[in-house]
Structure formats: structure tokens, C-alpha cells
Amino acid sequence: MISLTHTVAHLQLASVLYGLPRQVVDPHITIKDTIVTKVLKLATVAALTLAALSAQAASQPAVIYDTAGKFDKSFNEAVFRNGVEVYNKDKGVKVKEFEPQNEAQREQGLRRLASRGNGPIVAVGFNMGSAVEKVATEFPKTQFTIIDMVVDKPNVQSVIFKEHEGSFLVGALAAIASKTGKVGFVGGMDIPLIRKFECGYEQGAKYVNPKIEVFQNMTGSTPAAFADPAKGAELAKSQFAKGADVVYAAAGGTGIGVYQAAKDEGKLAIGVDSNQNHLQPGTMLTSMVKSVGLAAYQTWDDAAKGTWKPGIKNLGLAEGGVDWALDKDNEKLITPEMKAKVDAIKAEIISGKVKVHDYMSDSTCKY
Numbered sequence: 047m048i049s050l051t052h053t054v055a056h057l058q059l060a061s062v063l064y065g066l067p068r069q070v071v072d073p074h075i076t077i078k079d080t081i082v083t084k085v086l087k088l089a090t091v092a093a094l095t096l097a098a099l100s101a102q103a104a105s106q107p108a109v110i111y112d113t114a115g116k117f118d119k120s121f122n123e124a125v126f127r128n129g130v131e132v133y134n135k136d137k138g139v140k141v142k143e144f145e146p147q148n149e150a151q152r153e154q155g156l157r158r159l160a161s162r163g164n165g166p167i168v169a170v171g172f173n174m175g176s177a178v179e180k181v182a183t184e185f186p187k188t189q190f191t192i193i194d195m196v197v198d199k200p201n202v203q204s205v206i207f208k209e210h211e212g213s214f215l216v217g218a219l220a221a222i223a224s225k226t227g228k229v230g231f232v233g234g235m236d237i238p239l240i241r242k243f244e245c246g247y248e249q250g251a252k253y254v255n256p257k258i259e260v261f262q263n264m265t266g267s268t269p270a271a272f273a274d275p276a277k278g279a280e281l282a283k284s285q286f287a288k289g290a291d292v293v294y295a296a297a298g299g300t301g302i303g304v305y306q307a308a309k310d311e312g313k314l315a316i317g318v319d320s321n322q323n324h325l326q327p328g329t330m331l332t333s334m335v336k337s338v339g340l341a342a343y344q345t346w347d348d349a350a351k352g353t354w355k356p357g358i359k360n361l362g363l364a365e366g367g368v369d370w371a372l373d374k375d376n377e378k379l380i381t382p383e384m385k386a387k388v389d390a391i392k393a394e395i396i397s398g399k400v401k402v403h404d405y406m407s408d409s410t411c412k413y
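Convert by adding 46 to the 1-based position in the sequence shown; the result is the number in my numbering.
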């Protein structure tokens with residue numbers, strides 16, 4: 047049986063945490079309700095308070111990165127810097143991390159985290175898809191969130207992004223900045239997701255300049271294509287030799303070579319996933335940023351509040367899921383007129399006036 051003293055104590059805590067009005071929790075305020083009615087009301091709110099606190103206590107957040115590791119200067123690091131570190135600081139809760147060293151450890155790491163009671167577990171990247179599908183089946187009561195892939199399981203939340211919209215913006219900016227009328231794209235692994243980036247980029251460039259020439263190369267056909275900066279530099283230099291003066295890399299760690307080549311050649315580069323402007327200040331025209339860190343943070347926060355839900359989240363410009371980066375490292379490259387034009391295009395995409403074709407909808411690129 048819940049005593050009135052204990053109930054009031056719980057409700058005084060609730061008033062601090064959830065902003066309940068004082069008259070609900072102060073037993074000394076005179077009201078017309080009978081004492082029995084009052085106790086029932088207090089007990090109900092106390093139960094809700096304890097349920098919320100229990101949900102927060104039960105949450106044991108975790109993340110498993112892909113094999114590139116949390117310091118890849120790209121996708122995984124964005125989750126670490128903007129998700130894990132921020133959540134640790136804001137909530138005072140330590141997020142459990144696992145970095146697989148090879149492909150086999152993706153599944154092993156997921157299973158280890160789940161078996162130890164962690165959850166929700168954020169899996170970073172499309173390469174985690176098969177591992178999440180298998181382990182989520184083995185642990186049906188554990189919550190999983192996968193970023194950049196859809197896994198159809200009742201205990202999995204899939205967060206995907208409208209990369210074609212963000213890539214359209216940086217493609218438009220590339221065309222505005224180009225003096226040669228030629229720009230380039232270097233992709234990582236040749237898969238539909240990376241084609242989605244390229245297609246959006248080319249659409250944006252041709253929206254600004256229908257006659258612009260867009261070169262494109264994919265680094266390879268295996269996951270290793272996301273971790274080959276030497277090949278990235280080689281491909282970028284071949285595009286510069288053809289006349290491109292801006293190259294966009296959607297290639298993970300391979301992009302580091304693209305950015306270095308741009309600096310060496312006196313050209314411009316565009317980063318991806320996280321804000322990479324700081325990697326080569328004065329060379330990086332901008333970065334197409336994806337809010338992957340925020341997606342991870344929101345997963346853990348929702349679980350702590352008891353509001354986490356399975357299903358698909360698709361985040362674009364309107365939802366703040368993608369954007370272009372402007373900061374101290376590239377502000378000298380962006381004139382007020384350039385910014386105004388890109389912002390206007392962004393508004394047109396959000397309003398629906400400009401439609402950006404998604405390559406993954408039909409495996410074609412339409413301009």
C-alpha cells in the first residue's frame with residue numbers, strides 16, 4: 047500500500063522534474079475534494095512519475111560503429127562527436143561503445159551489447175543491416191536503431207536521410223562557384239545509396255547551369271572503397287585534369303585524399319556527412335551534413351522518456367536531417383549572393399516548388 051507520506055514525496059519530485067502545479071503536490075493546500083479522492087489522484091500521478099523514472103533507469107544506451115571507427119573524420123565520427131559525447135554530457139549517462147575491427151565483429155559486437163542488457167543500441171551505417179536483422183530477431187525485447195538502412199523488424203527503428211536533397215544544394219553551390227563550367231564527384235562503394243548522392247549533386251549543378259559538365263567516379267565495389275584516400279586523391283586529380291574546379295566526395299575516409307588533392311591543385315572540394323570544412327580551410331567550399339549524431343541522441347533520449355518507437359524515420363531538409371555547412375572555415379569562399387541563392391533553393395525544395403529526384407526510387411537519375 048502506498049502511504050500518503052511516500053506519495054507526496056514522489057509528487058514533490060515530480061513537480062521538479064515535470065513542472066506539476068503546486069496545488070497537485072502540496073497536501074496543505076485546502077481543496078474541496080475528499081481525502082480519499084485526493085489520495086487517489088496523488089497515487090495516480092506518483093505512479094506515472096515512477097514509471098517515467100523507471101523507463102529512464104532501464105535505458106542503457108549503446109552504439110556500435112562500422113569498421114572505419116569513430117575517428118574516421120566522417121560518418122562514424124559525426125555520431126561520436128554529435129551524438130555520444132553530447133548525450134554523455136547532457137544526461138550524465140555513459141553510452142556503451144563498440145568498434146568492430148572487421149566485418150565478422152559487427153554481428154558479434156551487436157550480440158554482446160544486447161546480451162549484456164544494453165538498449166537501445168544504435169548501429170551506424172548500412173553495412174550493419176544484416177547483423178541488425180539477425181541479432182534483433184534473437185533479442186526481440188531489445189530496442190535497436192540503425193542509421194542509413196531499413197530493417198523491417200518490430201523492435202528496430204530505421205533512420206534514413208534524403209541525401210539527394212542535401213546533395214542538390216551543394217551541387218547548386220558547386221555550379222555557382224565553378225569558373226570552368228566543370229565539376230566532379232567521387233563516390234565510395236558503388237551502391238544505390240552513393241548513386242543517390244551523385245544524382246542529387248548533378249541535379250543541383252544542372253539546375254543552376256544546364257550546360258555544366260559533371261564528372262563522376264566510384265572508388266570501388268567493396269566496403270574498402272570507403273577507406274582509400276590514395277585512390278580518392280588519384281580520382282580527384284584526374285577530374286581536375288579534365289577541367290573540374292570543384293569536386294564533391296561522398297566516400298567516407300576516401301574523401302580525405304580528395305580534399306588533399308584539391309588543396310594541392312588549388313581547387314575546391316565539398317565534404318560529406320559531418321561538417322568537414324575544418325579539414326582543409328580555404329579549400330572546402332562546404333560540406334553536405336547529415337544529422338546522424340542527432341539521430342543517435344534522439345534514439346537514446348526517446349527511450350529514456352519511454353517514447354521510442356520502431357519503424358522508419360526519413361529526414362530531409364524540412365526535418366533538419368540534411369543541410370549545407372557555412373562556418374568560419376569556408377565563409378571567405380561564400381559571398382552573400384551565393385548564400386542567398388542557395389538558401390532560396392533550399393526554401394523551394396522544402397516548399398515543394400523544386401522536386402529532387404531520388405535515385406533509389408527507380409535506379410535512374412532525372413534532371
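All C-beta atoms in this analysis are idealised placements derived from N, C-alpha and C, irrespective of residue type, glycine included.
Exercise for the section: Decide if E211 is buried, meaning its Cβ has at least 16 other Cβ atoms within 10 Å, or exposed. Expected result: That one is buried.
Practice task
Assign F121 to one of two classes, buried (16 or more other C-beta atoms within 10 Å of its C-beta) or exposed (fewer than that).
Solution key: By the 10 Å Cβ count, F121 comes out buried.
Exercise for the section: Counting only runs of 3+ residues fully inside the segment 280-366, write out the beta strand (DSSP E) ranges in chain order. Expected result: Runs of the beta strand (DSSP E) spanning 3 or more residues and lying entirely within the segment 280-366 occur at 292-296, 314-319, 330-336 and 357-361, in chain order.
Exercise for the section: Tell me, please, which residues DSSP counts as bridged to A221. Expected result: Residue pairing by DSSP places A221 in no beta bridge whatsoever.
Handout entry: V143 - partner residues in DSSP beta bridges
Key = Val is not the amino acid found at residue 143; the sequence shown has Glu there. In the DSSP output, where bridge partners are listed per residue, E143 has V109.
Practice task
Could you name the residues of the same chain whose beta carbon sits closer than 6 Å to that of G155, not counting the 5 residues immediately before and after it, in chain order?
Solution key: If we look at G155 and ignore the five residues flanking it on each side, its Cβ neighbours are I110, F144 and P146.
Practice task
Compare the C-alpha of I240 against each of G301, P200 and Q322 and name the closest.
Solution key: The shortest Cα separation from I240 among G301, P200 and Q322 belongs to G301.
Exercise for the section: Using DSSP bridges, identify the partner residues of N263. Expected result: DSSP, once it has assigned bridges, lists V232 as partnering N263.
Problem - Straight-line Cα distance separating G366 from V388 - result: Taking the straight line joining both Cα atoms gives about 16 Å.
Exercise for the section: Return the chain-ordered list of same chain residues with a C-beta closer than 7 Å to the C-beta of T268, the five sequence neighbours on each side being excluded. Expected result: Same-chain partners within the cutoff: M235.
Problem - Other residues of its chain near F207: CB distance less than 6 Å, five sequence neighbours each side excluded - result: Excluding sequence positions up to five before and after F207, its CB lies within less than 6 Å of the CB of K336, L361, G367 and V368, all in the same chain and listed in chain order.
Problem - Whole-Å CB distance - Q306 paired with H403, under 8 Å assumed - result: Between H403 and Q306 the Cβ distance is about 32 Å, and since that is not below 8 Å, they are no contact.
Practice task
In the DSSP assignment, find the unbroken beta strand (DSSP E) run with D408 in it and report its ends.
Solution key: That residue, D408, is in no beta strand (DSSP E); its alpha helix (DSSP H) goes Y405 to D408.
Exercise for the section: Decide yes or no for the touch test of the segment 266-285 against the segment 181-195: beta carbon pairs closer than 8 Å, at least 3 of them. Expected result: Because the criterion of three Cβ pairs below 8 Å is not met, the segment 266-285 and the segment 181-195 do not touch.
Practice task
Report the rounded CA-to-CA distance for P356 versus G171, giving the unit in angstroms.
Solution key: About 17 Å.
Exercise for the section: Would you mind working out which of A114, S333, G165 and G230 sits nearest V139, comparing C-alpha positions? Expected result: Selected option, being the one with the closest Cα: G165.
Exercise for the section: Closer than 6 Å by C-beta to D375: which residues in its own chain qualify, once you throw out the five before and the five after it? Chain order, please. Expected result: For D375, where only same-chain residues beyond five positions count, the Cβ hits under 6 Å are N323, H324 and P327.
Practice task
Please say whether V168 and W346 have beta carbons closer to each other than 9 Å?
Solution key: Taking 9 Å as the Cβ cut-off, W346 and V168 qualify as a contacting pair.
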